[in-house]
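The structure appears right after this line, and notes come after that.
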Amino acid sequence: LTRIIPRQEGLAYDKAHEKPELALVNVYQQYDGYPEYMAVEYAKWLEGLSIGNGLGRDPELNKYANGVGCFAAQFIKHFKDRPGGLYLSPIDDDYGWADYVYTLFPKEGEETYMSIYDTYDKDVIFVGKPDAVLKKYNKKELV
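If you're matching positions, the sequence shown starts at 71 in the working numbering and goes up one per residue.
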């Protein structure tokens with residue numbers, strides 16, 4: 071399960087899995103949700119994406135988002151590449167069936183943070199920026 075929650079004052083990154091009502095979208099993906107795959111795919115997409123306010127000259131899809139709503143729409147467009155596989159879920163959906171809850175925290179003018187909550191161990195196993203995700207979980211690059 072992946073949630074996109076705009077970054078805001080007073081919300082700790084390691085508590086976002088407890089605040090589904092703050093999500094712009096909830097996305098369920100029928101993939102192995104292991105961080106070595108899912109977190110790495112998200113981080114690769116996030117690395118080249120900036121978020122601003124206004125369109126300026128010739129903004130490029132997956133390189134620039136005009137606010138967090140545009141960010142959420144581009145996320146869905148990027149990861150929805152065929153019928154099935156990715157589904158929108160109710161915001162208040164219980165995540166008991168998911169192994170991990172990924173939360174992306176977009177904010178204009180700043181890098182997007184990600185948290186990963188392990189539902190079985192009931193523990194936040196990661197909080198950080200895309201480069202930290204890749205350092206920790208991108209084992210393919212180390213070979």
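Glycine included, every Cβ here is placed at the ideal spot set by N, Cα and C.
All values derive from a computational prediction rather than experimental measurement.
Proximity of residue i and residue j at Cβ, strictly below 8 Å
i: Gln78; j: Gly154; result: no
i: Asp162; j: Thr189; result: no
i: Ile121; j: Gly198; result: no
i: Phe141; j: Tyr83; result: no
i: Asn123; j: Gly139; result: no
i: Leu158; j: Val95; result: yes
Coarse secondary structure for residue i, derived from DSSP in three states
i: Glu180; result: strand
i: Lys89; result: coil
i: Leu174; result: strand
i: Asp193; result: strand
i: Leu204; result: helix
i: Gly139; result: helix
i: Gln144; result: helix
Beta-carbon contacts of residue i that lie in its chain and below 8 Å, excluding the five residues immediately before and after
i: Leu156; result: Val97, Tyr98, Gln99, Gln100, Ile146, Phe149, Lys150
i: Gln144; result: Leu119, Leu131, Asn132, Ala135
i: Glu91; result: Ile161, Asp162
Residue range of the unbroken beta strand (DSSP E) whose run includes residue i
i: Ile74; result: 72 to 74
i: Ala135; result: 134 to 136
i: Ile161; result: Where Ile161 is concerned, there is no enclosing beta strand (DSSP E), given that its DSSP letter is neither H nor E.
i: Tyr104; result: Run containing Tyr104: none; DSSP gives neither H nor E here.
i: Gly80; result: Neither: Gly80 is in no beta strand (DSSP E) and is coded neither H nor E.
Neighbourhood of residue i by C-beta, 6 Å cutoff - its chain only, sequence neighbours within 5 removed
i: Pro105; result: Ile186, Tyr207
i: Gly103; result: Asp169, Tyr170
i: Thr72; result: Val97, Tyr172
Whole-angstrom C-beta distance between residue j and residue i, which should lie under 8 Å
i: Leu119; j: Ala135; result: 6 Å
i: Glu181; j: Pro160; result: With a Cβ gap of about 29 Å, Glu181 and Pro160 do not count as contacting.
i: Ala86; j: Ile75; result: 5 Å
i: Ala113; j: Val203; result: 4 Å
Residue i - containing alpha helix (DSSP H), residue span
i: Tyr112; result: 108 to 117
7 Å Cβ shell around residue i - same chain, five flanking residues per side excluded
i: Glu117; result: Pro200
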